[in-house]
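*Asks:* Mapping the sequence shown onto this note's numbering, position 84 (from 1) lands on 90, and the numbers just tick up by one.
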Amino acid sequence: QIPVGPYSTFIITRTMNNMDYEKFCRDILDSDDKIRFATVYDQWAERIAGGMRPGIQNLLTDRQEKELVTLSVLDWKQRKEMAKWLGKTIYTMAEFEQVKRFSFYLGDDDLLLVSKEKEVQTKTTVDDASRLYYENKSS
Numbered sequence: 007q008i009p010v011g012p013y014s015t016f017i018i019t020r021t022m023n024n025m026d027y028e029k030f031c032r033d034i035l036d037s038d039d040k041i042r043f044a045t046v047y048d049q050w051a052e053r054i055a056g057g058m059r060p061g062i063q064n065l066l067t068d069r070q071e072k073e074l075v076t077l078s079v080l081d082w083k084q085r086k087e088m089a090k091w092l093g094k095t096i097y098t099m100a101e102f103e104q105v106k107r108f109s110f111y112l113g114d115d116d117l118l119l120v121s122k123e124k125e126v127q128t129k130t131t132v133d134d135a136s137r138l139y140y141e142n143k144s145s
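1) Rounded to whole angstroms, what is the Cα-Cα separation between Tyr139 and Val105?
2) Quick one: what does DSSP say Glu52 is sitting in, helix, strand or coil?
3) Would you mind stating whether Ala55 and Tyr97 have Cβ atoms separated by less than 8 Å?
4) Looking at the strands, I want to know which residues DSSP matches up with Asp116.
5) Does the distance from the CB of Glu123 to the CB of Arg42 come in under 8 Å?
6) According to the Cβ coordinates, are Glu73 and Asn64 closer than 8 Å?
7) Where DSSP assigns a beta bridge to Lys122, which residues make up the other side?
8) CA-CA distance, Met58 and Val75?
9) Is it the case that the Cβ atoms of Ala44 and Cys31 are separated by a distance below 8 Å?
10) Near Asn142, what residues of its chain come up, given a Cβ to Cβ distance below 6 Å and the 5 sequence neighbours on each side ignored?
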C-alpha cells in the first residue's frame with residue numbers, strides 16, 4: 007500500500023489505452039529500488055496515478071513539486087508542436103545534483119514522470135520504463 011499524503015498517494019486511476027496506470031506506476035517502482043517517484047499526469051498537470059516510493063522523503067515542497075510538474079507539462083506541449091518537424095519525443099531527461107528526472111510521453115494525453123537516484127544508468131531506466139509500458143499496454 008502506497009502511503010496517503012501530499013505527492014505520495016496513488017489516486018483512483020482511469021484506464022487509458024487498455025492500461026491501468028496505477029499498476030504501471032507500481033511496476034516501475036518495483037523494477038528498481040533506486041526509483042524515488044513514478045507518476046502519470048494528464049495534459050492539465052493533474053495526477054492520474056502513481057506517487058513517491060514509501061519511506062522516501064520528497065526533496066521538494068508540495069508547491070515546488072506542482073511547479074516542476076507544470077513546467078514538465080508545458081515542455082511536453084511544446085515538444086508536441088515540434089513533432090511536426092522532428093517526430094514525436096519519446097522521453098526527456100534532466101540531471102540535477104541529487105536526482106535524475108525522466109519524462110516519458112504516453113500518447114497525446116498523458117505524461118509519466120520518474121525520478122531516480124543520480125548514480126543510475128540512464129539507458130536502463132529508459133529501457134525498463136519502455137518495456138513496462140508495452141507490457142502493461144498489452145495486458
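Using N, Cα and C, we set each Cβ at its ideal position, and we do this for glycine too. Since the structure is predicted, the reported quantities are computational estimates derived from the model, not experimental observations.
*Replies:* On the basis of the supplied data:
1) 22 Å
2) coil
3) no
4) Asp48 and Leu112
5) yes
6) no
7) Ile41 and Lys106
8) 14 Å
9) yes
10) Met25 and Phe30
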